[in-house]
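Down below is the structure, laid out as structure tokens.
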Amino acid sequence: MSELKVYKCTICGTTVEILNGNGSSLTCCGQNMVELKANTADAAAEKHVPVIEKEGDKILVKVGEVPHPMDPDHYIVWIAMVSDEKVVKVNLKPGDKPEATFCYVPGATVYAYCNKHNLWKKDVE
Ligand SMILES: [Fe+2]
């Protein structure tokens with residue numbers, strides 16, 4: 015299964031997404047970027063772990079059992095689905111619903127990125 019790695023600069027907040035290889039030597043603002051470990055931020059899991067609802071040949075991904083806020087200073091920046099065959103990413107903005115629809119790909123992984131609480135993921139069954 016393909017894995018999405020996300021690195022973040024702890025100074026300026028820049029993120030880099032890697033689909034192949036690793037970013038162990040990525041630097042920004044003069045220091046190493048930090049790899050974000052999904053589902054480990056000290057934040058409410060029920061507002062961040064993606065919830066996947068299968069609808070025929072599609073899946074509806076909702077960020078959070080309890081919908082995540084979509085405020086200007088705290089929101090889900092993107093939702094992505096990564097599989098061996100494809101990568102699909104939906105960019106969101108404040109005021110949008112924290113949701114995205116993708117084709118159903120068994121074994122894929124869905125990721126969500128919160129601007130305050132980093133990376134979250136859930137496997138597609
Ligand atoms: Fe958050």
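Residue 15 is where the sequence shown starts when you use my numbering, and the numbers rise one by one after that.
Backbone N, C-alpha and C define an ideal beta-carbon position, used for all residues, glycine too.
Work out the CA separation of ILE73 and ILE23 for me, nearest whole Å. It should be noted that the sequence gives Cys, not Ile, for residue 23. Cα-Cα distance, rounded: 32 Å.
Taking 9 Å as the threshold (C-beta atoms), are HIS88 and ASN140 in contact? What is shown of the chain runs 15 to 139, which leaves residue 140 out entirely.
HIS88 - partner residues in DSSP beta bridges: Its beta-bridge partners are ASP85.
Own chain partners of VAL102 with C-beta closer than 7 Å, once the 5 adjacent residues on each side are dropped: Within the same chain, VAL102 has close Cβ partners ALA94, MET95 and PHE116.
Which partner residues does ASN132 have in the DSSP bridge list? Its beta-bridge partners are CYS128.
Helix, strand or coil for LYS61 per DSSP? In the structure shown, LYS61 sits in a helix (DSSP, three-state: H, G or I).
Would you tell me roughly how many angstroms separate the C-alpha atoms of VAL104 and GLU49, rounded to the nearest one? Distance from the CA atom of VAL104 to the CA atom of GLU49, rounded to whole angstroms, is 21 Å.
Between GLY109 and the rest of its own chain, which residues show a CB-CB distance below 7 Å, the 5 nearest in sequence each way excluded? Closer than 7 Å at Cβ, skipping near neighbours: MET84.
Taking only heavy atoms of ligand 1 into account, decide whether any of them is closer than 8 Å to the Cβ of ALA94. ALA94 Cβ: outside cutoff for every heavy atom of ligand 1.
Please report the residue range of the beta strand (DSSP E) in which THR54 lies. The continuous stretches of beta strand (DSSP E) do not include THR54, and DSSP gives it neither H nor E.
Look at the Cβ atom of VAL75, then the Cβ atom of LYS61, and state whether they are nearer than 9 Å. No, the Cβ-Cβ distance between VAL75 and LYS61 is not below 9 Å.
Taking 8 Å as the line, does the beta carbon of LYS61 fall inside it for any heavy atom of ligand 2? Ligands present in the displayed structure are limited to ligand 1, and ligand 2 is not among them.
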